[in-house]
Every structure is written in structure tokens, then in C-alpha cells.
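Residue numbers (this note's numbering): 43 to 325. Quick notes on the structure that follows.
Written out as C-alpha cells, the structure reads:
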């Protein structure tokens with residue numbers, strides 16, 4: 043199922059101009075009604091937490107003048123199992139796609155540690171610190187590191203590294219933007235309404251009060267929750283959300299040839315063998 047969702051996601055993210063057309067018009071908002079009014083009303087409902095009404099409004103206007111014409115316009119490839127050889131024949135290198143390693147933040151974290159060590163050595167030599175001063179300073183640093191690891195699951199350290207990454211690495215900054223744009227675009231095309239997004243740990247902390255989040259996109263998932271609560275999730279619903287979950291790494295792969303972020307996204311892709319769900323055939 044993951045391979046099918048992956049293939050579908052890559053198919054959606056390749057040139058989509060021909061897929062995004064509606065007879066007699068291009069993929070744009072109709073002019074008869076004010077599209078800004080429609081978007082403002084949707085935003086108001088989302089801000090008020092009324093996700094169901096926002097989704098209903100979008101669906102009511104779907105395909106109409108003033109509606110969001112490309113919402114839910116994409117179709118996934120037929121579901122079947124794909125072997126690694128078949129994926130390679132279609133130009134998909136799974137090692138580069140499904141084994142993301144964030145080399146940028148890893149390098150930044152290492153450099154910050156080396157800089158801290160160099161600063162400590164310089165302070166020891168220039169300020170005349172005693173071994174006792176170094177011991178107490180090291181003890182304080184160890185306490186803060188332990189506090190962050192235990193109480194915040196490393197969130198404060200992650201916040202610092204991510205903030206520095208956005209400040210010093212344009213490549214990392216752009217990669218995060220493209221990654222979240224992939225989630226946003228594929229969700230919209232699959233008929234899953236994007237609700238909000240953040241592009242950095244600092245932004246997530248300011249807007250959501252969340253640590254341990256580098257960036258993220260939230261969606262209106264009332265339909266999925268209804269099926270989950272009923273204990274019966276259709277294959278169609280599962281495939282749609284799996285496709286959205288893999289959209290970030292697929293975007294990075296198509297643009298850069300290697301995914302660096304998105305390991306948590308890959309882990310979120312549900313397994314058809316999950317004991318908590320009864321997967322119903324798509325209709």
C-alpha cells in the first residue's frame with residue numbers, strides 16, 4: 043500500500059498542468075463570485091475550529107464559479123503492489139526517497155558543539171578560569187541538557203539548531219518550504235483541505251506552543267476521524283492520507299534527488315495489517 047501511495051504521490055507531483063484542467067477553463071478560481079470572499083469565509087470557519095463547515099463550504103462550491111476548481115481534482119494510480127525493480131524502471135530510487143538523512147542539521151549541530159567547546163577553551167585561557175569553575179560550568183550545562191531531554195524531549199535543543207539552520211543555510215530553508223508545499227499541494231488535489239502550516243520550530247512554538255516540531259502542515263481530517271472512530275477505514279481514505287503523508291519526501295526527491303526530511307512522515311503511513319483498523323475495499 044505504501045508503494046502504491048508513493049507511486050501516486052510522485053505521479054501527482056510530476057508536471058500536472060494537463061491534470062489540473064476543467065473543461066472550458068483553467069485551474070483557477072471562478073470570476074463570477076469573489077474568490078477572496080470565499081477564502082475569507084473558509085479561513086473564518088477554520089479559525090473558529092469549525093472544520094466540518096469549512097469543508098462543506100469548499101465541497102458545495104466545488105466545480106462552480108467562485109469555487110476552488112482543482113480541489114479534489116487529482117486521481118491516484120490504480121492500487122497494486124510494486125516491486126523495487128518496477129519502481130526503478132519508473133526512475134524511482136527508493137534508497138534516496140525513503141531513507142531521509144538530514145545532513146544539514148546534523149552538520150550544524152556538530153559545528154555548534156565544536157563552537158561551544160572552542161568558546162569554553164578560549165574563556166578558560168583568557169578569563170583565567172580555575173578547574174573548579176570549569177567543573178561547575180560543565181555541571182550546569184549537563185543539568186540543562188538533561189532537563190531539556192527529560193522534560194521537553196530535546197525540544198529546546200532542536201529549536202536552537204533549527205533556528206540556526208534557517209538563518210545560515212538557504213538550502214535548508216528552501217528545502218523545508220518545498221517539503222511543506224508538497225504536503226499542501228497534494229492534499230488539496232486529493233480533496234483534503236489544508237488548515238494551517240508552519241515552516242520552522244520557532245514559528246510552531248509561537249503559533250502552536252509546540253516544541254519538537256521543525257515544520258508541519260495540518261489538515262481538516264473530520265472524514266478520516268469518523269471512519270477511525272467507527273473502526274472501519276476504507277482503502278480509499280487510507281490511500282488518500284498515505285499519499286499526503288509521503289508528499290513531502292516525494293517533493294524533495296523530485297527537486298533535489300534526495301530526501302533529507304520526512305522520516306516522521308514515512309513512519310506515519312499506516313500499515314494495512316494494523317490491528318486497530320478494518321480496511322474496507324474502496325468503492
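We put the beta carbon where it would ideally sit given N, CA and C, even for glycine. None of these values were measured; they are calculated from a predicted model.
What does DSSP give as the partner residues of residue i in its beta bridges?
i           : result
residue 236 : 261
What residue range does the beta strand (DSSP E) around residue i cover?
i           : result
residue 274 : 274-276
Have a look at the options and flag the residue whose alpha-carbon is nearest the alpha-carbon of residue i.
i           : options               : result
residue 204 : 182, 176, 165 and 152 : 152
residue 222 : 176, 264 and 288      : 288
residue 193 : 177, 183, 253 and 213 : 253
residue 291 : 147, 305 and 282      : 305
residue 310 : 298, 283 and 294      : 283
residue 296 : 128, 115, 134 and 95  : 134
residue 229 : 115, 95 and 298       : 115
residue 111 : 96, 164 and 102       : 102
residue 159 : 130, 183 and 145      : 183
residue 251 : 300, 197, 293 and 294 : 197
residue 219 : 189, 187, 259 and 199 : 259
residue 210 : 163, 268 and 146      : 146
residue 278 : 85, 128, 148 and 117  : 117
residue 307 : 132, 285 and 299      : 285
residue 411 : 148, 301 and 124      : Outside the shown range of the chain (43 to 325) lies residue 411, about which nothing can therefore be said.
residue 89  : 239, 276 and 120      : 239
residue 256 : 275, 217 and 127      : 217
residue 227 : 126, 293 and 125      : 293
residue 212 : 150, 128 and 83       : 150
residue 215 : 164, 96 and 302       : 302
residue 23  : 170, 169 and 136      : Given that the chain is displayed from residue 43 to residue 325, the structure contains no residue 23 and the question cannot be resolved.
Considering residue i, what are the terminal residues of the alpha helix (DSSP H) in which it resides?
i           : result
residue 102 : 93-102
residue 113 : Unbroken run through residue 113: none, as it is neither H nor E.
residue 194 : Here residue 194 belongs to no alpha helix (DSSP H), and DSSP marks it neither H nor E.
residue 224 : 212-231
residue 243 : 243-250
residue 291 : 289-298
residue 305 : 305-310
Meets three-Cβ-pair contact criterion under 8 Å: the region 193-207 and the region 238-256: Yes, the region 193-207 touches the region 238-256.
Notebook entry, point to check: Going along the chain, which unbroken runs of the alpha helix (DSSP H) with 4 or more residues stay wholly within the region 124-206?
Noted result: Listed in chain order, they are 126-131, 136-140, 145-168 and 173-193.
*asked:* Would you call the region 226-240 in contact with the region 261-276, where contact means no fewer than 3 C-beta pairs closer than 8 Å?
replied: Yes: at least three Cβ pairs fall under 8 Å.
Q) Pairing CB atoms from the region 162-181 with CB atoms from the region 103-123, are three or more of them under 8 Å? A) Contact fails: fewer than three Cβ-Cβ distances are below 8 Å.
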